[in-house]
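Numbering (our numbering), first residue to last: 1 to 352.
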């Protein structure tokens, strides 16, 4: 399975026609020079940003030229320059840009300050200049403050695209200077379409499970597929199928397996997603609308709901998330974090 990078990806599917929103704005008398694309990870924000960039960089003096929202040939000159990072009128600021940035966790003020000289130069093509910052979640506070001047007074024919998974953490002044475009999670139908495209031989039952577990994110769905997320979820349900009884030896065994770097985050996310789901239906005091992910899932969920009160379930969910955050911050033993997280539910039943 080979998934193209956002700058290379010519496939974008969504349940909302974001491109029409963008073109309608472009053809209006008040096209914003800055756009903020926000939404969860893995739903196509970066791919959409590059589609916007291709469209703008294809514009001459004529408007209403949507050719780069249509089928694009891999031989298209603009496309080739963008994927090779050699388009003179496109600047991309991201953590993975260049060899020296690979291990960085933030986008610094020095990187943001490169915007000013880039904008001061004449356009190579005589048209637009485009800046993509992917993502604002990694931009330091000082760097964000340095960005404000460019957002406030950019030269004409400048487009700045900011990408964020958590726009609430951005400065209000940053947000106020952008056209806000929330990008929403994908429907299960759209996810299935994309999964069939990227993994043609995927079993239809597994495709349905991945769609449900991935919370509207094709990125999550593909990560689950690559790391056997369906198998992990099945083991999780099997482990909790006879609560309050639990096989501690099995907890030890799977804690060891799931503590690997590529599985640790995924496991905690699956546990949190499932417990959140139980909380949702317990709060409604009805499981009638509960769609089963795998066989035995609903029965196990109802059993947990009957054995643990709502307040305690909320505490368990918070405890698991806190342990995960501490593990990342303090470099704690991941196997122990998985083990104690898995034991939260049965231990709560023993206490009560």
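From the three backbone atoms N, C-alpha and C, an ideal C-beta is built for every residue, glycine too. Every value quoted in this text rests on a predicted model; they were computed, and no experiment measured them.
Pull the bridge partners of residue i from the DSSP assignment, please.
i	result
residue 163	37, 134
residue 180	36
residue 408	The structure shown has nothing for residue 408, since the chain only spans 1 to 352.
residue 129	158
residue 139	107
residue 93	133
Would you mind sorting residue i into buried or exposed? The rule is 16 or more other CB atoms within 10 Å of its CB.
i	result
residue 163	buried
residue 122	exposed
residue 291	exposed
residue 47	buried
residue 161	buried
residue 220	buried
residue 283	exposed
residue 117	exposed
Report all residues from its chain with a CB closer than 6 Å to the CB of residue i; omit the five preceding and five following residues, and keep chain order.
i	result
residue 324	268
residue 151	34, 177
residue 14	none
residue 135	163, 164
residue 109	142, 143, 146
residue 187	15
Using CA coordinates, which residue listed in the options is at the minimum distance from residue i?
i	options	result
residue 309	332, 50, 285, 289	285
residue 158	144, 115, 168, 171	115
residue 261	55, 246, 214, 223	223
residue 294	236, 344, 253	236
residue 54	254, 39, 202, 91	91
residue 183	171, 192, 167	167
residue 154	129, 137, 169, 171	129
residue 17	9, 74, 51, 7	51
Which residues in the same chain have their Cβ closer than 8 Å to the Cβ of residue i, if we skip the five residues on either side of it in sequence?
i	result
residue 278	301, 304, 305, 313
residue 256	335
residue 349	243, 244, 307, 308
residue 32	25, 178, 179
residue 263	227, 232, 257
residue 147	112, 115, 133, 139, 174
Can you give me the Cβ contacts of residue i inside the same chain, cut-off strictly under 7 Å, excluding the 5 residues immediately before and after it?
i	result
residue 316	275, 344, 345, 348
residue 100	Low local confidence applies: a pLDDT of 49 at residue 100 is under 50, so the model's placement there is unreliable, and no value is given.
residue 209	230, 293, 294
residue 3	198, 222
residue 250	239
residue 319	344
residue 272	317, 320, 321
residue 97	Annotation note: pLDDT 45 at residue 97 (below 50); position unreliable, no value reported.
(message) Threshold first: 4 residues or longer. Then list the alpha helix (DSSP H) segments lying entirely within the region 175-259, N to C.
(response) With a minimum length of 4 residues, the unbroken runs of alpha helix (DSSP H) contained wholly in the region 175-259 fall at 188-198, 204-213, 218-226, 229-239, 248-258.
(message) Quick check for students: name the residue ranges of the alpha helix (DSSP H) that lie wholly in the region 276-343, counting only runs of 4 or more.
(response) You should have 297-307, 310-330, 334-342.
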